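A.B. asks: Read top to bottom, the protein sequences are chains A and B. Letter by letter, the first sequence follows residues 1 to 169 in this note's numbering. Letter by letter, the second sequence follows residues 1 to 83 in this note's numbering. Below is a structure I'd like to ask you about.
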Amino acid sequence: MVRYRDILKRLHDHDVEFVVIGGVAAVLHGSTQGTFDTDVCSPLHDENLGRIIEALRGLNPRWRFRADRVIPVDSVEKFSGFKNLYIRTDWGDLDILGEMPPVGGYGDIQGKTVDYDLDGFACRVIDIDTLLTVKRAVGRDKDKIAVMHLEALKRKSAPQSRDDTNHTT
Amino acid sequence: MAAEEADKPTPRPISAVEGTWPLDEWPLDVQRVDENGIDLEQIEYQLSLTPAERLRRLEEFVEFVLTTRQRNGVDEWSDTATS
Chain A
1 MVRYRDILKR
11 LHDHDVEFVV
21 IGGVAAVLHG
31 STQGTFDTDV
41 CSPLHDENLG
51 RIIEALRGLN
61 PRWRFRADRV
71 IPVDSVEKFS
81 GFKNLYIRTD
91 WGDLDILGEM
101 PPVGGYGDIQ
111 GKTVDYDLDG
121 FACRVIDIDT
131 LLTVKRAVGR
141 DKDKIAVMHL
151 EALKRKSAPQ
161 SRDDTNHTT
Chain B
1 MAAEEADKPT
11 PRPISAVEGT
21 WPLDEWPLDV
31 QRVDENGIDL
41 EQIEYQLSLT
51 PAERLRRLEE
61 FVEFVLTTRQ
71 RNGVDEWSDT
81 ATS
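Have a look at this one:
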């Protein structure tokens, strides 16, 4: 069962410091491009790691690239020095990134977020302009497509001054 | 340009046989896209939803794909390793 909203609520309810980034952020802004995982940017210091571990308890967390290995939820020391956490849970994949080039870490995206109500709780999401900066910098083919979707969204959200519509059969 | 010419509706691409559909009901069979081919109708629909509803749509989409893969013997998460 894929429950991305509930994963985010878990993080929220456990006071995890995080901002939604990546494809889910794009979808929350209105993109029609699908994605299979939830990406968040989050500081990976001990206190926050402890909250993340508690939030994942009961969700059968495994390492995404070694799904046979269960993530130890007994100690934050085992995560010391990790820059990112790629996690598979029973509710779907969760990628926790400590840094998001070229924008930087969690502290650097403060003021570059919007709050979205996800049916009962407010979730901080990277804003479209910053997400565009990241996608353009990463520059993989799928990021270029994401940029096209986000630019279309920006134009749709902005006041229309001209007909920017093409037609195709 | 004569005034009457300027008042004429811009010709639109429509594959329906002329006279079968009034032009003011256009477009019925023509996808509205931007210069990159992004479907503007879908974008508009997404924007009409709340963020929570957009996320629910995504969950339903992923659930459908994963279930279909599972039923057809395809590794559910085969293409997510580098996402």
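No residue lacks a Cβ here, since even glycine has one placed at the ideal position from N, Cα and C. Note that the structure is predicted; figures quoted are calculated from it, not measured.
(1) Within the continuous alpha helix (DSSP H) that includes A:Arg10, where are the two ends?
(2) Taking the CB atoms as reference points, tell me whether A:Leu56 and A:Trp91 lie closer together than 7 Å.
(3) Might you give, ordered along the chain, the residues of its own chain that have their beta carbon closer than 6 Å to the beta carbon of A:Leu85, omitting 5 neighbours on each side?
(4) Quick one, which residues of the stretch 132-147 of chain A are near chain B if we go by CB-CB under 7 Å, in chain order?
(5) Extract the residue ranges of the alpha helix (DSSP H) inside the stretch 14-49 of chain A, only unbroken runs of 4 or more that lie entirely within it.
(6) Give the single residue among A:Val2, A:Val70, A:His12 whose Cα lies nearest to the Cα of A:Gly120.
(7) Let me see if you follow: with CB-CB separation under 7 Å, is B:Leu58 close to chain A or not?
(8) Taking contact to mean 3 or more Cβ pairs, one atom from each stretch, closer than 8 Å, check whether the stretch 75-89 of chain A and the stretch 47-56 of chain A are in contact.
(9) Taking Cβ to Cβ, would you say A:Pro61 is nearer than 7 Å to A:Ile87?
(10) A:Gly92 bridges to which residues according to DSSP?
(11) Any heavy atom of the ligand MG closer than 6 Å to the Cβ of A:Gly111?
(12) So what's A:Leu97 in DSSP terms, helix, strand or just coil?
C.D. replies: So, to answer that:
(1) Here residue 10 of chain A corresponds to residue number 10 of the first sequence, with the count starting at 1. Taken as a continuous stretch (DSSP letters only), the alpha helix (DSSP H) holding A:Arg10 covers 4-13.
(2) By 1-based counting over the first sequence, the position of residue 56 of chain A is 56. By 1-based counting over the first sequence, the position of residue 91 of chain A is 91. No, the Cβ-Cβ distance between A:Leu56 and A:Trp91 is not below 7 Å.
(3) Numbered from its first residue, the first sequence carries residue 85 of chain A at position 85. These residues qualify, in order along the chain: Ile96.
(4) Answer set for the stretch 132-147 of chain A: empty.
(5) 22-29
(6) Within the first sequence, residue 120 of chain A is the residue found at index 120, counting from 1. Taking only the C-alpha atoms, the option nearest A:Gly120 is A:His12.
(7) Numbered from 1 along the second sequence, position 58 holds the residue referred to as residue 58 of chain B. Yes, its Cβ sits closer than 7 Å to a Cβ of chain A.
(8) yes
(9) The residue labelled residue 61 of chain A in the question sits at position 61 within the first sequence. The residue labelled residue 87 of chain A in the question sits at position 87 within the first sequence. Contact flag set, yes.
(10) Numbered from 1 along the first sequence, position 92 holds the residue referred to as residue 92 of chain A. Under the DSSP definition of a beta bridge, A:Gly92 partners with A:Thr89.
(11) The ligand content of the structure shown is nil, which means the ligand MG is not present either.
(12) Numbered from its first residue, the first sequence carries residue 97 of chain A at position 97. Here A:Leu97 sits in strand by DSSP.
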